[in-house]
Structure formats: C-alpha cells, structure tokens
Amino acid sequence: MLVILPPSETKRPPPDAGPPLDLETLSFPELTPMRQRVLEALIATSTQPDGRRRLRLGPSLAPELARNEQLRELPTRHAVDTYAGPLYEGLDPALWSSELLQRADRRSVIVSALWGAIRPTDRIPAYRLHVCSWLVGMDRLEPEWRTVLPDVLASAAGADGPVLDLRSPSYQAMGRPSGLDEQTVKLRIRPSAGGPPHIGDVVAKRVRGEAAHHLLDSPADPEDPLDIADVLATRWNVDIEPPNGRSRSWTLGLEADPGPGLA
C-alpha cells in the first residue's frame, strides 16, 4: 500500500540548528538530477526582480522569497515536520510513535514541486514553491516531473498497490503511479448526516490528514481499495465507488465527524 500525501504551502520556520540540505541522502536517488535542476532554478528565480510574480507570492511573503535564496544552507528537519497547514494538523506527526513513524516511512510519500517524491523522515529546509510557478530556465513543472515520477511512485506502491492519493488535481498532474489507476483511491469528504450541509476546504483537508493518520496507524495491510475502505470504516461512515467511464480510479466517500467548524 502507498499513501501519497500533498505538500503544504505553509511550512514551519527553519529550526535554530540542524544539518543543511543534502540531496544525496533523500529517498529515491533516481530523482536527484531533477531535484538539482529545480533547486537551482528556484534559487535563481528567487533572486530575480520578478521572482515574486513567477512564484505566485504576495507582498507579505517577501521574506520567504529571500529564504529561498538560502536553501542550501538552512537547517533541515523531517519533511513531515516541515509541512504545516490543515492536512498536516490532521496527520499530527507530533503524536506519532516511533513504530508509526517507521510504518509511515514505508507506506507513504510526500509529492512536491521541489523534491518530487520523498519519505516523511527525509530532511528538507523550509521553502516556497507552488507547482504552477514559472522558474527561470524551465518549462511548467508538472510535465517535467511527469517524465520521472510515475515509475518511482509505482515502485513505491509495489506491483499491486493499492494507492490512496490525497493530492489535489494540480499535484496529481505531476504523475500518477504507472499501471495502478484501477488500484488507486481518491478521497471525497462529505458532510455528516447531522451536521452542516457544506464542508469548508480547510476542514476537508484536516479530515484527509486524519484519515491518512488512521490508515498508517493501522496494523492492517490493505491489498486492494476495498481493504482501504474497511480500515477507514472502523472510524468513519464510508462508501466506495469503483472506476467508471469518467474515472479510472476508485472514489471513497468519507463522512466527516459532525461538530462546529464544519460550516
């Protein structure tokens, strides 16, 4: 089984101390040449007069643009502890046991515009790069990554999967696991029967993180999409739809827990 996690635009600030970035230590070394290209282009773009526009950053994020220039020297921390935002709040890695951390490192990857696919314990600095950015000397990032990521993700998932892909469409466009479309599950968060009729994006992301935590924390070893649904059904009401003419993947509907903040 493989859980594919998205990155988060929000990052925790760099720690006061720690080892700097070492591309050679990141998982999936076959991605190192592409990571090197993107990293160099990001640093170069961040020094340009139009850097904020290229990176889609507002004026208040100018300090993050300057921080991009120092990515090779900044202290690093585990990737799963670097990303912040609602999904990672739901994932809550601060509460992970050492056993869960090891299991998550085997069963999940984080796919981002800068690193491609990395494991939760890979060490990275805080950075700012959206997949739709325009970097100096490079074309759009989605097709660039699509040349290398699908096979890497397929290898991480294993020959038969299954795969739970929690990425947004823009990050899924970087590449899906080769040959595993019919073993891939996409998660749809729906309102609870007794709650508000609509769920905000922030809440939906947090619930996705909670679902990933629950799945990774389970001792079960899902062998197909229905097994993933069975694990999540131990906490939530779920329904699952097989691939159809409009989608080659399974769609798993998960009913969010009722409560304030779901509006």
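Those letters in the sequence shown? Residues 874 to 1136, by my numbering. Beta carbons are placed, not taken as given, at the ideal position from N, Cα and C, and that holds for glycine.
For residue i, I'd like the list of residues in its chain whose CB is within less than 6 Å of its CB, leaving aside the five on either flank, ordered along the chain.
| i | result |
| --- | --- |
| residue 901 | 990, 1025 |
| residue 977 | 993, 1089 |
| residue 1087 | 1108 |
| residue 997 | 949, 952, 955 |
| residue 1136 | The predicted position of residue 1136 is uncertain, since its pLDDT is 33 and thus under 50; a value taken from the coordinates is nonetheless stated next. Contacts found: 1069. |
If we ignore side chains and look at the alpha-carbon of each, how far apart do residue i and residue j end up?
| i | j | result |
| --- | --- | --- |
| residue 962 | residue 910 | 31 Å |
| residue 1074 | residue 1015 | 23 Å |
| residue 1128 | residue 1104 | 14 Å |
| residue 948 | residue 1076 | 31 Å |
| residue 1005 | residue 973 | 33 Å |
| residue 1110 | residue 1059 | 16 Å |
| residue 966 | residue 957 | 10 Å |
| residue 941 | residue 1066 | 45 Å |
| residue 1003 | residue 891 | 25 Å |
| residue 1018 | residue 1130 | 36 Å |
| residue 1137 | residue 1029 | The requested residue 1137 does not occur in the structure, where the chain is confined to residues 874 to 1136. |
| residue 1091 | residue 971 | 14 Å |
| residue 904 | residue 987 | 11 Å |
Excluding the five sequence neighbours on either side, which residues of its own chain have a C-beta within less than 7 Å of the C-beta of residue i, listed in chain order?
| i | result |
| --- | --- |
| residue 918 | 924, 927, 928, 1008, 1009 |
| residue 886 | 999 |
| residue 980 | 874, 875, 876, 1089 |
| residue 1040 | 877, 879, 984 |
| residue 1095 | 874, 1035, 1101, 1104 |
How about residue i and residue j: are their beta carbons less than 8 Å apart?
| i | j | result |
| --- | --- | --- |
| residue 879 | residue 984 | yes |
| residue 1115 | residue 1035 | no |
| residue 1001 | residue 912 | no |
Between residue i and the rest of its own chain, which residues show a CB-CB distance below 8 Å, the 5 nearest in sequence each way excluded?
| i | result |
| --- | --- |
| residue 1045 | 1038 |
| residue 1063 | 1072, 1126, 1127, 1128, 1129 |
request  = Pair every Cβ in the segment 1066-1085 with every Cβ in the segment 1043-1053, then say whether three or more of these pairs are closer than 8 Å.
outcome  = no
4-residue-minimum alpha helix (DSSP H) runs that sit fully inside the segment 962-1029, ordered along the chain = 971-980, 1014-1019
Uninterrupted alpha helix (DSSP H) stretches inside the segment 1052-1129 (no shorter than 4 residues) = 1074-1090, 1098-1105
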